[in-house]
Each structure stands twice: as C-alpha cells, then as structure tokens.
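Here is the structure we will look at, set down as structure tokens.
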Amino acid sequence: MKHVVIVGGGFAGINVAKSLGNMKEVRVTLIDRNNYHLFQPLLYQVAMAALNGGEISYPLRKMLSKYRNITIYKGSVENVDLQNRKVQTDFGEISYDYLVLACGAKHHYFGHNEWENFAPGLKTIGQASEIRRRVMEAYEQAERTQDPTDQKKLLTFVIVGGGPTGVELAGSIGEMSRYYLSKYYKHIDPKQTRIFVVHSGKRILNTFSPELSSNAARALEKLGVQIWTSSRVSCIDRNGVQIGNERIEAATVLWAAGVRSCSIGKTIGFDTDSAGRISVTETLSVTGHPEVFCGGDQARFERADGEPLAGLASVALQEGKAIGNNILRDIAGKPQKPFSYRDKGQMATVGKNYAIVEKGRLKLHGLLAWFIWLLVHIYFLSGFKHRFFVLLQWGWSYFTFGHAARIVNREWRFYPEQVDTVKEEGDAEQQKPKSNGDDNLFQIDGETFHSFGRR
Ligand SMILES: Cc1cc2nc3c(=O)[nH]c(=O)nc-3n(C[C@H](O)[C@H](O)[C@H](O)COP(=O)(O)OP(=O)(O)OC[C@H]3O[C@@H](n4cnc5c(N)ncnc54)[C@H](O)[C@@H]3O)c2cc1C
9 MKHVVIVGGG FAGINVAKSL GNMKEVRVTL IDRNNYHLFQ PLLYQVAMAA LNGGEISYPL
69 RKMLSKYRNI TIYKGSVENV DLQNRKVQTD FGEISYDYLV LACGAKHHYF GHNEWENFAP
129 GLKTIGQASE IRRRVMEAYE QAERTQDPTD QKKLLTFVIV GGGPTGVELA GSIGEMSRYY
189 LSKYYKHIDP KQTRIFVVHS GKRILNTFSP ELSSNAARAL EKLGVQIWTS SRVSCIDRNG
249 VQIGNERIEA ATVLWAAGVR SCSIGKTIGF DTDSAGRISV TETLSVTGHP EVFCGGDQAR
309 FERADGEPLA GLASVALQEG KAIGNNILRD IAGKPQKPFS YRDKGQMATV GKNYAIVEKG
369 RLKLHGLLAW FIWLLVHIYF LSGFKHRFFV LLQWGWSYFT FGHAARIVNR EWRFYPEQVD
429 TVKEEGDAEQ QKPKSNGDDN LFQIDGETFH SFGRR
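Remember, this note's numbering sits 8 above the position in the sequence shown when you count from 1.
Below you can see the structure in the form of structure tokens.
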C-alpha cells in the first residue's frame with residue numbers, strides 16, 4: 009500500500025481524499041490545522057451575523073468517516089524533507105510515498121502586515137467572528153457616546169477591496185443598517201451609516217463583464233455604499249484610512265484587497281510566483297517532483313493563454329479530484345491525465361435579493377441571479393442538516409429582515425489569564441503567554457489582546 013499524505017482539508021484536500029477513499033492501493037493521512045472543513049464562500053454571512061460558524065463548517069472526521077483507509081490528524085505542517093520524503097509537523101514527522109499540498113491562501117497586506125490589527129480580513133471563522141464583533145461593537149459604542157464626531161466615526165465603515173468579498177461585506181452592512189438595525193437603537197440612526205468601498209482598479213468586480221460590474225455598483229449605491237475606484241490605500245490606523253491626500257475617519261476598516269498562497273511552498277524551496285503559488289505541471293504535480301502534487305489556491309496552474317486559474321472553490325474541487333485520479337493512475341503504472349478545468353462561471357451577491365451571475369455568454373443580475381446564487385451555495389454546503397438549517401434561517405431572515413446571530417463574543421474567562429515568567433538563554437526575564445488553546449489570544453503586561461487588537 010502506498011501512503012498518501014494530504015496537507016489541508018479545504019476544497020482541494022477533501023476531494024483528493026474522497027477520490028482515494030476505500031481504494032485498496034493506498035492508505036491516506038490528511039493533516040489540517042482545524043478539525044473541520046470550512047465553506048469559505050459563506051464566511052461573510054458569519055461576519056454579518058446572519059449565520060453561525062458551525063453552520064458553514066463540517067467536522068473532517070464525520071465527512072470522511074465512511075473511508076476506512078483515511079486517518080485524520082489535527083496539526084500543522086511546517087516543512088517537508090523532499091529527499092527523505094517526510095513531512096515535518098508540529099507533532100512529529102510522517103513519511104509519504106505521495107504528498108499533496110492543498111494549504112490554501114491567506115491575506116496579503118502588500119508588505120504592511122501591521123495593517124491586520126486595524127483591518128482584519130475574512131478567511132477563517134475566527135476572523136469572521138472578529139469582524140462581527142467589531143461591526144456590532146461600533147453600533148453599541150455609537151449608541152453610548154454623546155460626541156457627534158465620535159458617533160460619525162463609529163458609524164463609518166471602510167472596506168478595502170472591491171472584489172466579491174468586499175462587495176458582499178459592503179452590501180450586507182448597507183442592508184443591515186438600513187432595514188434592520190434602525191429599529192433597535194434609541195440615540196443613533198443606523199440609517200446614517202456611511203460605507204466606503206475603496207478599490208485600486210478602475211471598476212469593482214473586475215473579473216465580471218463591465219455591464220454586470222456596473223449593475224452591481226448601482227445596487228450597492230442603492231444601499232448607501234460609496235465606491236471609490238482607482239484609489240489606493242496608503243495607510244491604515246486605528247482611526248481610519250489614508251488614500252493619497254484624502255482621509256476617511258472610520259472606527260471599522262475591513263480588508264478584502266488581496267490574498268497570497270500559504271508560505272509553506274517557499275519554505276520547502278519550490279518555485280513560487282509573486283502570489284506565493286507553487287508552479288505545477290499539466291498533471292498538477294510539482295515541477296521536478298512527480299511524487300508531490302499541489303492543488304487549489306496554493307497551486308499555480310496555467311491555462312493555455314499563460315494566465316493562472318483563479319482562486320475559486322470550483323477550481324480547487326476539480327483539481328482535488330484530478331490529483332486523486334492521477335495518483336491512482338501512477339500507482340497502476342498508467343500515464344497521468346493532464347488537468348483541464350471546466351468553467352462553472354462566477355457569481356457575487358449584493359444584499360439579500362440581488363446577485364450577478366456570469367457563465368460564458370450568460371449574464372444575469374437581480375432576483376433570479378440571487379436565487380441561483382442561493383441554490384448553488386446550498387447545494388455545495390456539506391451535510392443535509394446544514395443545508396436544511398441554513399435554508400430555514402435564510403428564509404426566516406429574508407422575511408423578517410433579521411440577523412439572528414448578532415451575539416458579540418467577549419473574553420471567556422472571569423479571572424485574569426496567568427502569565428508564565430520564563431528566562432530565555434542570555435536574556436532578561438521575559439513574559440510569555442501561557443497557551444490557552446486559542447491562538448488568537450495573547451497577553452502583554454497582564455492585558456489580554458486578541459490578535460486583531462485589544463479586547
Ligand atoms: C470570504 C470568501 C468568499 C469566497 N467566495 C467564493 C465563492 O463565492 N465562490 C468560489 O468559487 N470561491 C469562493 N472563495 C474562494 C474559495 O473559498 C477558495 O478558492 C477555496 O476555499 C480554496 O480551496 P483550497 O482547498 O485550496 O484551500 P482552503 O479551502 O483555504 O483550505 C486550506 C486548508 O488547509 C489548512 N492548512 C493551511 N495551512 C496548513 C498547514 N501548514 N498545515 C495543516 N493545514 C493547513 C487550512 O486549515 C484549510 O483547512 C471565497 C473565499 C473567501 C475567503
């Protein structure tokens with residue numbers, strides 16, 4: 009039996025695993041930092057308090073439980089010893105015959121990682137919860153303050169990036185403030201909320217046709233969103249953003265401007281592009297390493313015109329299946345099949361009854377497009393129970409304009425966190441945080457911080 013190690017249980021990783029599940033030729037080990045598969049396309053619904061994290065994530069063990077040949081480990085892969093065919097994890101080394109890298113992507117702050125403190129991105133459940141906390145806190149603080157300048161700043165939201173994620177966030181804040189929150193506050197009028205989308209390109213949603221992109225822009229403007237195109241953010245701090253000579257004072261800034269592949273490709277020493285993606289051959293193996301495959305957001309697979317495939321769930325899913333099949337063909341001594349992507353089109357939503365859908369020459373916008381968006385997302389969500397409850401919840405909030413999950417998480421402990429005092433070699437005494445199982449929390453001088461800012 010050949011041993012296949014898969015790193016990452018996202019769309020690419022689980023589809024490799026499913027293709028190899030219960031195949032007698034292989035045993036499979038899947039390693040992921042999380043014990044669940046996350047349906048990222050609905051993350052903004054968690055950030056905007058429409059869904060809870062558990063409704064868009066599915067335990068990997070349950071998902072793959074019918075495959076007897078698959079072992080799952082929760083852990084992080086830190087490097088790969090290509091010569092001895094071993095992955096180095098935070099819980100030890102694991103040998104492999106075939107390795108699949110499917111680690112996905114993370115935010116790219118274009119050399120300004122310090123901006124993450126002031127402008128969280130949306131890639132994980134932790135980040136979605138933090139965005140929700142910041143948005144809800146802004147309204148709570150605006151209700152308390154008497155100062156009109158502070159109030160204006162608290163009711164101003166800036167979203168950096170006008171791709172699908174930025175548009176979805178802006179549309180949801182616009183809709184929530186106009187149709188829902190306005191009922192619940194006494195001292196502020198949430199309808200006065202100002203929302204800016206700051207986009208460096210000439211038009212938002214620039215992977216769509218110009219016609220659909222301007223339709224979406226008009227739909228956003230109806231929700232009170234101001235779109236600044238050809239505008240590049242030069243600085244972000246706790247009080248807002250700087251765009252050239254212009255300044256927007258805002259208590260909440262969200263980042264939806266750029267992603268780059270996980271850094272492990274570079275750590276291993278593979279050939280990567282400027283976005284950190286590993287270059288792969290037409291069969292999705294890594295150039296010069298036929299036993300190592302890479303798929304999803306981490307891979308750079310070039311189309312015939314030399315352009316890489318976009319970071320989409322449908323790309324990751326199809327690449328995952330193709331990698332699984334190519335591993336089986338390789339074991340059987342058959343030639344591997346070149347990968348060819350079947351274009352499934354693209355879609356983006358603005359609020360709860362407007363979307364744009366584009367597939368080839370088909371271009372739709374409005375309510376019908378939104379229903380297609382809804383059906384596709386429900387269809388691809390894992391697990392019948394999830395589909396049923398999410399549909400139920402959406403149906404409920406559609407008719408009631410409700411955002412059921414407006415809970416703002418706070419620190420869970422009653423007592424201050426204990427801090428270990430450790431002595432580093434040759435160093436003065438240093439305070440080190442005691443691990444509490446939540447990687448997002450750390451302490452400095454007795455105060456608990458979240459990785460996005462002070463609690
Ligand atoms: C907010 C948002 C909205 C989106 N909307 C859409 C949409 O509408 N339509 C669409 O097609 N696509 C959408 N996408 C893109 C889509 O979600 C991604 O293209 C897809 O998830 C990529 O799949 P993947 O398997 O490559 O990576 P991921 O799904 O990101 O999975 C990577 C996995 O690897 C794990 N991992 C990472 N590093 C390590 C490590 N070192 N060790 C162990 N495990 C590790 C992670 O925990 C994760 O589970 C959206 C993405 C986001 C963030």
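Note that the Cβ used here is the ideal one computed from N, Cα and C, for glycine as well.
Check                                                                                                                                                                                    : Outcome
Going by DSSP in three states, residue 431 sits in which element: helix, strand or coil?                                                                                                 : With a pLDDT of 49 at residue 431, under the threshold of 50, the predicted position of this residue should be treated as unreliable, though the coordinate-derived value follows. In this structure, residue 431 counts as strand in the three-state DSSP scheme.
So is residue 74 buried or exposed if we call it buried at 16+ other beta carbons inside 10 Å?                                                                                           : exposed
Would residue 331 and residue 10 be called neighbours here (beta carbons separated by less than 7 Å)?                                                                                    : no
Classify residue 308: buried if its beta carbon has 16 or more other beta carbons within 10 angstroms, exposed otherwise.                                                                : buried
Kindly list the residues whose CB is nearer than 6 Å to the CB of residue 149, restricted to its own chain and excluding five residues on each side of it in sequence; keep chain order. : 162
Tell me the rounded alpha-carbon separation between residue 202 and residue 303.                                                                                                         : 40 Å
Is there at least one non-hydrogen atom of ligand 1 closer than 6 Å to the beta-carbon of residue 15?                                                                                    : yes
Counting along the chain, where does the alpha helix (DSSP H) carrying residue 386 start and finish?                                                                                     : 375-388
Give the single residue among 373, 239, 346 and 325 whose Cα lies nearest to the Cα of residue 355.                                                                                      : 373
Could you check how far apart the C-beta atoms of residue 103 and residue 41 are, in whole angstroms? I think they sit under 8 Å.                                                        : Not a contact, Cβ separation roughly 21 Å.
Report the residue ranges of all alpha helix (DSSP H) runs contained in full by the stretch 184-265; include only those spanning at least 4 residues, in chain order.                    : 218-230
How is residue 62 classed by DSSP in three states: helix, strand or coil?                                                                                                                : helix
Residue 436: buried (16+ other C-beta within 10 angstroms of its C-beta) or exposed?                                                                                                     : Here the model assigns residue 436 a pLDDT of 45, short of 50, so the residue's position is not dependable, and the following value carries that caveat. Its Cβ having fewer than 16 others within 10 Å, residue 436 is exposed.
Residue range of the beta strand (DSSP E) that residue 298 falls in?                                                                                                                     : 297-302
Does the beta carbon of residue 67 fall short of 6 Å from some heavy atom of ligand 1?                                                                                                   : no
Taking the beta carbon of residue 115 as the centre, do at least 16 other beta carbons fall within 10 Å, making it buried, or is it exposed?                                             : buried
Apply the 10 Å Cβ neighbour rule to residue 238 and answer buried if 16 or more other Cβ atoms are within range, or exposed otherwise.                                                   : exposed
Tell me the residue span of the beta strand (DSSP E) that contains residue 74.                                                                                                           : Looking at the DSSP string, residue 74 is not in any beta strand (DSSP E), and its letter there is neither H nor E.
Identify which residue in 199, 279, 125 and 273 has its Cα closest to the Cα of residue 260.                                                                                             : 125
Assuming the contact rule is C-beta atoms closer than 8 Å, residue 252 and residue 186 should be a hit. Round their C-beta distance to whole Å, please.                                  : About 30 Å; that fails the 8 Å criterion.
Is it buried or exposed, residue 171, if we count other Cβ atoms within 10 angstroms and call 16 or more buried?                                                                         : buried
Mind checking residue 69: buried by the 16 CB within 10 Å criterion, or exposed?                                                                                                         : exposed
Ligand 1 heavy atoms versus the CB of residue 111: any closer than 6 Å?                                                                                                                  : yes
Alpha carbons only, please: which of 314, 164, 370 and 323 is nearest the one belonging to residue 219?                                                                                  : 370
Apart from the five residues just before and just after residue 287, which ones in its own chain have a Cβ nearer than 6 Å to its Cβ?                                                    : 279, 295 and 308
Figure out for me which residue from 362, 206, 343 and 367 has the closest Cα to the Cα of residue 350.                                                                                  : 367
With distance defined between alpha-carbon atoms, name the residue in 111, 189, 225 and 284 nearest to residue 56.                                                                       : 189
Could you compute how far the alpha carbon of residue 67 sits from the alpha carbon of residue 90?                                                                                       : 30 Å
With distances taken between CB atoms, is the gap from residue 205 to residue 256 smaller than 7 Å?                                                                                      : no
Alpha carbons only, please: which of 424, 86 and 379 is nearest the one belonging to residue 357?                                                                                        : 379
In terms of residues, what are the limits of the beta strand (DSSP E) holding residue 86?                                                                                                : 85-89
Contact check, residue 21 vs residue 136 under 8 Å by CB: the rounded distance?                                                                                                          : Actually they do not touch by this definition, with Cβ atoms about 21 Å apart.
What's the gap between the Cα of residue 198 and the Cα of residue 285?                                                                                                                  : 42 Å
What whole-angstrom Cβ distance do residue 52 and residue 176 have, given they're in contact under 8 Å?                                                                                  : 4 Å
Can you tell me where the beta strand (DSSP E) holding residue 3 begins and where it ends?                                                                                               : This structure cannot speak to residue 3, because the chain is shown only from 9 to 463.
Less than 7 Å separating the beta-carbons of residue 2 and residue 61?                                                                                                                   : Past the edges of the chain, shown from 9 to 463, lies residue 2, and the structure says nothing about it.
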